[in-house]
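Here is the structure we will look at, set down as C-alpha cells.
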Amino acid sequence: MKFLPVLALSALALAGNAPISTDSADSDSLVATFKKSSKSDIEGTIKFEPAKNGTVLISIDLEGLPSSGGPFPFHIHEKAVPESGNCTATGGHFNPYNGSMTATAPAAKEVGDIAGRHFNITGETFSAEIDDNYISLNPDSKAYIGGLSVVIHSSNNSRLTCANLEEESSSSSSATNSSSGSSSNSSSGGSSSNSSSSASAANGAGKNEVGGLLVAGVAGIVAALM
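Numbering of the sequence shown is given in the numbering used here, commencing with residue 221 and proceeding in unit increments.
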C-alpha cells in the first residue's frame, strides 16, 4: 500500500486537460450520416461545421430513435466503421489528451465525449445545435475528428448505430458511412444528463478539478489492487 501515493501521482500525470480549440474556421465540414437498416430505425445526420470564432458547430437531426432505452449518449470514437458495419470495431472514445469520463470539468473529459460535455439525445425525434470548443476540423490539430466515427448508444451503453465522419460533399456517395450497431455492450458509456428535444448549449473551459481527478485516480488504483 506504500506505493499508492506514487501510483496515484503517476495516474494523475497521465491525465491531461484538453486545450480550447479555435482553429476550425477555414476547415471543411464533416458529417456522420445514419441510415435505417434491419437492426436500427435511426436515420439522419450529425454535422460538424466551422463556426466563425473557430470552434465547431454540431447540428443534430435524427429520427427513428427507439421509444425505450433512452436517453441516448453519443460520442466520437477513435476508429472508423469498417465495411462490415460492426460498431464495436470503432474502439473507444476519441481521447487524445487522456481525459476521463468521470471528470466534471469539460477540459478534463475525453475529447470525444460530446454527450458528457453537453447532453444526451432524447425522444424518438431529436434536433439540436451545440457549439463545442474541444474538437477540431483542422487536420493539423491533435483534436481533429476527420476519419473517425460517431456512435449512438442506448442508456445501458450498447451501441445502437454508428456512422463515419466524412466531408459533407462525399458522404452521400459512401456506401459504408452508416451502419447498425451490435447488441453487445460497449465499455464506454455517456453522460446521464438529459436535454429537451431541441436545445442549444455551449461548454466553457471550466475550472481545473485536480483534486477530483486525484481522488478518482487513487480510488481506481485501490480498487485495482484489491
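Virtual Cβ for every residue (Gly too), placed ideally from N, Cα, C. Just so we're clear, the structure is a prediction, and the values are computed from it rather than from any experiment.
Cβ neighbour criterion (16 or more within 10 Å) applied to residue i
{"i": "GLY367", "result": "exposed"}
{"i": "GLY410", "result": "With a pLDDT of 41 at GLY410, under the threshold of 50, the predicted position of this residue should be treated as unreliable, and no value is reported."}
{"i": "THR253", "result": "buried"}
{"i": "PRO286", "result": "exposed"}
{"i": "ALA325", "result": "buried"}
{"i": "GLU387", "result": "exposed"}
{"i": "ASP360", "result": "exposed"}
{"i": "LYS362", "result": "exposed"}
{"i": "GLY290", "result": "buried"}
{"i": "SER320", "result": "buried"}
Sub-7 Å separation of residue i and residue j beta-carbons
{"i": "LYS299", "j": "THR308", "result": "no"}
{"i": "GLY375", "j": "TYR364", "result": "The sequence shown places Ser at residue 375, not Gly. Their beta carbons are not under 7 Å apart, which means SER375 does not touch TYR364 by this criterion."}
{"i": "LEU380", "j": "SER279", "result": "no"}
{"i": "ILE165", "j": "ASN353", "result": "The first residue shown for the chain is 221 and the last is 446, placing residue 165 beyond what the model contains."}
{"i": "ASP248", "j": "ASN358", "result": "no"}
{"i": "VAL301", "j": "SER258", "result": "no"}
{"i": "ASP333", "j": "HIS295", "result": "yes"}
{"i": "ALA323", "j": "LYS329", "result": "yes"}
{"i": "ASP281", "j": "GLY305", "result": "no"}
{"i": "PHE292", "j": "ASN340", "result": "yes"}
{"i": "LEU250", "j": "ASP351", "result": "no"}
Helix, strand or coil at residue i [DSSP, three-state]
{"i": "GLU388", "result": "helix"}
{"i": "ILE296", "result": "strand"}
{"i": "PRO326", "result": "helix"}
{"i": "PRO239", "result": "coil"}
{"i": "ALA335", "result": "helix"}
{"i": "ALA309", "result": "helix"}
{"i": "VAL370", "result": "strand"}
{"i": "SER402", "result": "Confidence is the limiting factor: at SER402 the pLDDT is only 40, short of 50, which leaves the residue's position unreliable, though a coordinate-based value still follows. Coil at SER402, not helix or strand."}
{"i": "VAL301", "result": "coil"}
{"i": "GLY290", "result": "coil"}
{"i": "GLY343", "result": "coil"}
{"i": "PRO270", "result": "strand"}
{"i": "ALA383", "result": "strand"}
{"i": "ASP261", "result": "coil"}
{"i": "LEU357", "result": "coil"}
{"i": "GLY317", "result": "Looking at the sequence shown, residue 317 is not Gly but Tyr. If DSSP states are grouped into helix, strand and coil, TYR317 belongs with coil."}
Supposed contact pair residue j and residue i - C-beta distance, whole angstroms, cut 8 Å
{"i": "GLU283", "j": "THR345", "result": "5 Å"}
{"i": "ALA238", "j": "LYS272", "result": "Wrong, their Cβ atoms sit about 21 Å apart, outside the cutoff."}
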